[in-house]
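Enquirer: With the sequence shown counted from 1, adding 15 to any position gets you the working numbering.
Quick reminder that beta carbons are idealized off the backbone N, C-alpha and C, glycines included.
Since we're looking at a predicted model, the values are computed, not measured.
I'd like to ask you about the structure that follows.
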Amino acid sequence: EEEDPEEILRRRLLEYQHYKDAAFELSSLDILGRDVFQRPENVELVADSEEADQEYEDVSVSALLEAFERVMKRLPKISRLVIEAETVRIEDRIEELIDLFGKKQLCLFEELFESDKARIWFIVTFMSVLEMVRLHLITIVQVDQLGAIHCSAHEDFAKNSSDWFHLQNSNENEAEALLKAS
């Protein structure tokens, strides 16, 4: 006995609708969360007194991204129609963070993100942290796989921050010279 072609078509349409609904739900996620599936957030941070005697492990990029996602989730949802006109330069944020690590050698990763700033500021801060790790200005460590992430001044912080400021000043002078020449 053959199935009714109408019934076959109806099942295919229902299956298509199921996939269409799933695709719509995935596409409605924020871009950073679209391709990332997270662990539950029911993990408590380890107290500072317990961390004093533990060894630190290097932090993976995925652990850093998860911590950044937790910071971003604390922000209020914004309408997709809102356009943020504020411009924040990575270089400016790096300069602020260099000042911070010059005064405070160690802090929690999440402490780098103030809650009263615009969304773009959080993104620039995250990019600045990554750049500072690349430039050996800071080191990022974690007690254990689910432990708190700490940022600290790199052992060569004084020399590397001095080099960074020197490079920034020379780049600004070159830009000014190019503007005057044109």
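Identify which residue in Glu21, Glu191, Asn184 has its Cα closest to the Cα of Asp107.
Expert: Residue numbering aside, residue 107 sits at position 92 when the sequence shown is read from its first letter. Here the closest residue by C-alpha is Asn184.
Enquirer: Can you look up Val158 in the DSSP assignment and give me helix, strand or coil?
Expert: Position 143 of the sequence shown, counting from 1, holds the residue named residue 158. Three-state result, Val158: coil.
Enquirer: What do you reckon, are the CB atoms on Ser143 and Leu123 nearer than 7 Å?
Expert: Locating residue 143 in the sequence shown gives position 128, counting from the first residue. Locating residue 123 in the sequence shown gives position 108, counting from the first residue. No; because the gap between Cβ atoms is not below 7 Å, this pair is not in contact.
Enquirer: Tell me, which residues are paired with Ala168 by DSSP?
Expert: Position 153 of the sequence shown, counting from 1, holds the residue named residue 168. According to DSSP, residue pairing for Ala168 in a beta bridge involves Ile153.
Enquirer: Determine the direct distance from the alpha carbon of Asn186 to that of Thr154, and round the result to whole angstroms.
Expert: What you label residue 154 is simply residue 139 of the sequence shown in a count that begins at 1. What you label residue 186 is simply residue 171 of the sequence shown in a count that begins at 1. Straight-line Cα distance between these residues: approximately 25 Å.
Enquirer: Please identify the residue among Leu90, Asn175, Pro20, Arg26 whose C-alpha is closest to the C-alpha of Glu146.
Expert: If you number the sequence shown from 1, residue 146 lands on position 131. The shortest C-alpha separation from Glu146 is found at Asn175.
Enquirer: I need the boundaries of the alpha helix (DSSP H) containing Leu127, first residue and last residue.
Expert: Looking up residue 127 in the sequence shown gives position 112. For Leu127, there is no enclosing alpha helix (DSSP H), as DSSP marks it with neither H nor E.
Enquirer: With respect to the alpha helix (DSSP H) encompassing Lys223, which residues constitute its N-terminal and C-terminal limits?
Expert: Nothing can be reported for residue 223, as the shown portion of the chain is limited to 16 through 197.
Enquirer: Using the Cα positions of Ala192 and Leu150, report the straight-line distance between them to the nearest angstrom.
Expert: For the purposes of this step, residue 192 is identified with residue 177 of the sequence shown, where counting begins at 1. For the purposes of this step, residue 150 is identified with residue 135 of the sequence shown, where counting begins at 1. Rounded to the nearest angstrom, the two C-alpha atoms are 26 Å apart.
Enquirer: For Asp73, which residues does DSSP report across the bridge?
Expert: On the sequence shown, residue 73 is found 58 positions in, with the first residue counted as 1. In the DSSP output, where bridge partners are listed per residue, Asp73 has Val156.
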